[in-house]
Each structure stands twice: as structure tokens, then as C-alpha cells.
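Residue numbers (full-length UniProt numbering), protein chains in the order written: chain A, 1 to 334; chain B, 1 to 334. Note that the Cβ used here is the ideal one computed from N, Cα and C, for glycine as well. Notes follow once the structure below has been shown.
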DNA sequence: CTGTTAGCGCCTTCAT
DNA sequence: ATGAAGGCGCTAACAG
């Protein structure tokens, strides 16, 4: 929205564009205090703002990081972005944002387009961290978040999914439940789901594949009704057994509760429940929900700080996993 | 993270860079089908991607819009961004994202920095749409969202706050409530809050300033306790009167419910309640909550479409207000 | 201390 | 249908 160029400033001030450029880049040792002051005045009065596109082209660096989000409607995402954004602006970085809408193809396109934009680095909350697209990128300028790839190609910030679930479910076991179930979106290849299930198995001693209740993704109405039927059968046949559920995130938790409400089953009377994730609306549930609180904003902060640090060093170390601790909140829901 | 240039492609393919450039820009009429096919193959095989920075510089256009969000942790924000993002990628636009964290100063900085980036246009969810910073921008390349300025400087996408609240509260009046209260964050100069209060007044016939319960912003513990005390008094003294509350958004709703739960007051037995905004967690509240559903994603979509259209036309029309309709959801909460 | 100049990668007339 | 060359606004040696 402006039209002045460095050339104009040079002419107006009477100095060469090189000096102006030096001024713009803070190379004050290359000029007298007088010219510095003069330039300051001219630039201030004209309201001149250097064209960042040109600057980026010349510098091969654009102080921009690309952020690829798997699903922005996931409430987990907001705090992460908040953290990233905070750190980035602190360090004078801009962020260009893309959303994959849970679609692997879109994700690939997003990554490609970020690469085309030649961002300095990327933070990726991947739909599929195992996608071949990532083989074309390097750990020097990328940080992954949340989901991790089987083969760790990049520094990755995760929460201690397995451990946290194991702890929580151990509490449930100790509370004397005869039967426990892990409720989840389809496990697929998603590391967070698998790790959480893993923690569940370790706490309960069940074998892989057992006591697993899968909730279909949003929008699949028929499949969802099957899930409801499954819950109904389970509850109808449990007899006097004490039965409990661990849901792998808040959305799944909502699904389970809805299914339970169909027959007016209530926790903790008819069943016990605990969930991964904590959101503010859980405060008003009565009884309150036992849940695993993860510091999502911190994930964003760490990812951004790590990335910016790497961007400075340019030393390529081996990809590492960074674990953000969680907090177990015990209430009366089981 | 790539090194191929248009020059490389020219050499590899045996054509000149001009032809390659023409190919990249879809000027196919300027070349034979044969060279076109050949180029396609080379580019595909090499995985070449033109450097967008250079392209932007040459073209004086960067296909980037800036998005300034007032508070990304507000759950209203995600769907809006989702909508914006969808439209943008559809049209080959990138979005650079900034978050003001509800802080006017940060917002000013964000706007300035977006201007420096010389974005093609901006979509602004403003903390303070009346800030003088906006006087330096033009309606040709900006769309506002949600909150509107007193003096309409830009096209603005809003929901029909006043009307929707009026309708809902009218239902409450008809349900025979003796006393109704509007529960809100501090009204301040925020248009959405004021419009909603306005609708409330029109439905109830109360005078300006009456029946207004203000919830302090998050983090102000003492003030919040005052609010709780206020609710307690209200409920204790209501006698046999039928009393109802309309909360101006979901977060305020949560605050009210928490306050009510301190003395174990339940809706709709002890009080009636309805709220602006609908979120998925409301589905599991029993009884269900009467609420006003707004299509937030559509707000984002409209904003982006409008902006991109303006960017094409470059005709400056008078700023206009676009209203996204809402839906009244009646349940048993009052 | 200050100015000259050659790029950065791509687009775009203008010839051929 | 294809190529040569200048330019977008700025940076970064290298001279002076």
C-alpha cells in the first residue's frame, strides 16, 4: 500500500542507496551519526517502508515460518498456534498458516506450497507424519508437533501420551474396575492414539486389540449408530460388573457420553470414565471429570523456540523427541 | 529448501527461460504443444517449483492476505479461520496470520507488520475496530469481521446479533419469566456485546443499563468472586419469582453455571438460561441448552470471498455491512 | 565513511 | 513459436 523505494529515499536524503540500505539493516558502524540521524528523519517523515519481498529475494531469507495444521477445528490446535505465534512475533518472524482439514492430499499441497514460498522453516502438526513428502525436507528447518513418525526424521514435540494414560488408567484399575475399555477414533497409524492405547494396555494388562472401542469419525452416521448399539449391549450385559472407560480425547468423550445418555446411564453410578484432554467446559460437568491436562500452548512455544534456534545454528543434529509433561486431574467421574 | 531455478529448467529442457516462464504462467498459446509437453515432463521430473518471492517481486503482487485475529483462544476463531483458509487456498492465496491476544497494542503492531509485508489485502477480527490505525488503511483491500466500528470504514461481516438475541429473549419472556438478566463480559465499546444487549433490551423492555450482570474477564479472581456473590444474592432473594438469564457467549455461560453450582442451583428448576453461541459440548448437557447457533465458518468464507473479489475489481465502493444469519435452537433450559 | 555494481529469480516487452 | 535483455527493490561485496 506504499510506493516509495529505497531509491527515492536515497535521492531525497542525498545519500546513495547503499548507505540507505545499511541504515535499514542496522549497520550503523558504516556511517556517521549525522547521516544516520538524517536518514532517520527522512524515513520517518516519508513513512517509507522497505519492500519485504525484494529484501527477501536479495537475502534468501524471509523471516517467515510455515505452519501446517492438520485440523484447525480441533480445539487442541488453538493453544498450539497461540504459542507459536507468540514466540514468532517476539523474534520478528511472521507465520504463514495452512490447514489440511484432516486430508492427507491437502497436507501434501500445503507443504509443497510452503516450500515454494521458501519459508525459513516449518512447524508441522501432521495428518500423516509418515508421508513421503517429508522425506524431501530436512531436520535443520522443521519441527513436528503432536504426532510422530515411525522413523523419527525431525525433532518432534509430543506429550507423554503413553505414560500419562498409563497413570490414569492405573488409578482406574486400583479403583476396582472389573472391566475397562479404551475408546478412540479409529487407531489407524496415528501415533498419539496408538501411544495412548499402549499406555492403557500397560496399565490393564490386556492384550493388543482387546477392549478397544472405536468411534467412527464425525459425519459417518450409520457407523456411529453401530457404536451406540455396541455401548448399549455392553452396558446391558455387564450385570454387576464394575465397568469403566477411558476416552482418548475430548471429542470422543462427548461421543461416549451421548451414547450413554440414550439409555440414561450416568457416571459414576453406572460406569466410570476418564479422558485425555481438559477443556473449560469440563468444569461444569457434575460430577467433575477425571482428565489428563496437557499444556498445549507450551507445545507451540517449544516448537517455535526450537525451530528458531535451529534456524540460527544451522548445525544439523540428530532428530530428537521432546516430551511435554502432562498433569493427571483426579475427580469423581470414576 | 530447493535450489532449482528457472534457468536450470531452461538448460535442462533446452528452451529459453522466457518460454519456461510462459509455460509457468499458462501462456500456452505462445508455444507448440510439443514444447509444452516437454516442459511439463521436465518440471514434473525435477520437481521444480518457481520461487514465489522472485515472482512476487517481478509481478508486484504477492497473493497473500494478512489475517489479524483478536484472540485465537476464543473458540469462535477456529471456524472463521477455517473458512478463510479454505477460500484462500482455493484461489491460490496464502495467508499470514497474526494474533493480538486481546491486546490493542499488539493489534496495532500486527497491522503495521502486515502492511510492511505488503500483503494484497487483510481480514481483521479486531480487538478495537475503532483504533486510529485503521484510518491509514483503505476499504479496497480490507474486510472486517465480527466486531464493527462505530463509523463503518470497511466492509464488515457480522452476525445478526441484535435480532437473534431479541428473538431468543422474546421466547423467554413468553415463557413467563418475571425477571431476566443479561450476563456479559464488560460491555466496554465492543459492538457485539452491545448489539446483543440491545436485542435483550428490546425483547424485555428494560431500560439501558438495567438487568445487566457483568462477568469480569478471565484471571481476575477477586472480581469474579464478587460476581458469584451477586448471583448468590439474586437467587437467594428472588422468592417465588421466575428468573432467567441470557449469556452473551459460551464462556460467560460457563461462568454463570459455575456460580450457580456453588449453591447447587439447577436449570430449569431454579432458573432459566439461554446463551449466544453453540458448541459441541452443549450436546451432552442435560437438559439441553437453548442457544443461538451462528455459522462462524461462513463468516470466514464470506470475508475471504469478499476480499478476493475486491482485490480483483479494485473499484472502491462504499463500505457495507454483511449479515450472516443465525439460528435459534430451543431446548429445555428455560 | 560512502558510492558502484553485480546479482537474487522471475516476468515481460521486443525482436527474430 | 522462441530468445535476448532489461527491470522489479533490495543486499552485499568491493572500491574509493
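Chain B partners of residue i, CB-CB under 9 Å?
i                     : result
residue 235 (chain A) : What residue 235 (chain A) touches in chain B: nothing, since even the nearest Cβ is about 17 Å away.
Hey, could you find the ends of the beta strand (DSSP E) residue i is sitting in?
i                     : result
residue 274 (chain A) : 272-276
residue 284 (chain B) : Careful: residue 284 (chain B) lies outside any beta strand (DSSP E) and carries neither H nor E.
Taking residue i as the reference, which of the options has the closest Cα?
i                     : options                    : result
residue 234 (chain B) : B:212, B:216, B:148        : B:212
residue 338 (chain A) : A:288, A:148, A:229, A:70  : Given a span of 1 to 334 for chain A in the structure shown, any question on residue 338 (chain A) remains unanswerable.
residue 137 (chain B) : B:114, B:251, B:147, B:157 : B:114
residue 75 (chain A)  : A:327, A:294, A:310        : A:294
residue 215 (chain A) : A:168, A:200, A:186, A:196 : A:186
residue 210 (chain A) : A:190, A:227, A:182        : A:182
residue 196 (chain B) : B:112, B:272, B:146, B:231 : B:146
residue 251 (chain A) : B:283, B:327, B:305        : B:283
residue 266 (chain A) : A:77, A:244, A:278, A:168  : A:244
residue 227 (chain B) : B:36, B:256, B:206         : B:256
residue 158 (chain A) : A:333, A:332, A:320        : A:320
residue 128 (chain A) : A:118, A:120, A:121, A:144 : A:144
residue 315 (chain B) : B:306, B:280, B:327        : B:306
residue 301 (chain A) : A:290, A:324, A:280, A:279 : A:324
residue 304 (chain B) : B:123, B:29, B:79          : B:123
residue 46 (chain A)  : A:85, A:313, A:8           : A:8
residue 135 (chain A) : A:202, A:151, A:299        : A:151
residue 87 (chain A)  : A:120, A:180, A:298        : A:298
residue 130 (chain A) : A:269, A:52, A:188         : A:188
residue 253 (chain A) : A:132, A:217, A:52, A:166  : A:217
residue 84 (chain B)  : A:79, A:84, A:73, A:91     : A:73
residue 118 (chain B) : B:139, B:108, B:63, B:91   : B:63
residue 336 (chain A) : A:3, A:26, A:39, A:33      : Any question about residue 336 (chain A) goes unanswered here, given that chain A covers just 1 to 334.
residue 273 (chain A) : A:35, A:140, A:176, A:23   : A:176
Note down, in chain order, every chain B residue with its Cβ under 7 Å from the Cβ of residue i.
i                     : result
residue 117 (chain A) : 52, 94
residue 81 (chain A)  : 72
residue 269 (chain A) : Within 7 Å Cβ-Cβ: nothing; residue 269 (chain A) doesn't reach chain B, min ~14 Å.
residue 57 (chain A)  : 53, 54, 57
residue 287 (chain A) : Simply none; closest approach about 11 Å.
residue 99 (chain A)  : 82, 85
residue 293 (chain A) : Going along chain B, no residue has its Cβ under 7 Å from residue 293 (chain A), so there is no contact; the nearest lies around 15 Å.
How would you list, in chain order, the residues of chain B whose beta-carbon sits under 8 Å from the beta-carbon of residue i?
i                     : result
residue 258 (chain A) : 283, 284
residue 280 (chain A) : 251, 254
How far does the alpha helix (DSSP H) with residue i in it reach, from first residue to last?
i                     : result
residue 87 (chain A)  : 77-90
residue 72 (chain B)  : No alpha helix (DSSP H) holds residue 72 (chain B); DSSP gives it neither H nor E.
residue 253 (chain A) : 250-262
residue 200 (chain B) : 191-204
residue 223 (chain A) : 221-237
residue 166 (chain B) : 161-174
According to DSSP, which residues form a beta bridge with residue i?
i                     : result
residue 293 (chain A) : A:327
residue 213 (chain A) : A:183
residue 321 (chain B) : B:156
residue 243 (chain A) : A:179
residue 64 (chain A)  : A:94
Going along chain A, which residues have a C-beta under 8 Å from residue i?
i                     : result
residue 62 (chain B)  : 53
residue 75 (chain B)  : 75, 78
residue 49 (chain B)  : 112, 115, 116
residue 261 (chain B) : 284, 286
| said: Restricting to runs no shorter than 4 residues, where is the alpha helix (DSSP H) found entirely within the UniProt domain "HTH lacI-type" (4-59) of chain B? | reply: Within the UniProt domain "HTH lacI-type" (4-59) of chain B, the complete alpha helix (DSSP H) runs of at least 4 residues are 6-13, 17-24, 33-46, 52-59.
| said: As an exercise, report each continuous beta strand (DSSP E) stretch of at least 3 residues that is fully enclosed by the stretch 92-155 of chain A, in chain order. | reply: 94-99, 121-124, 142-145
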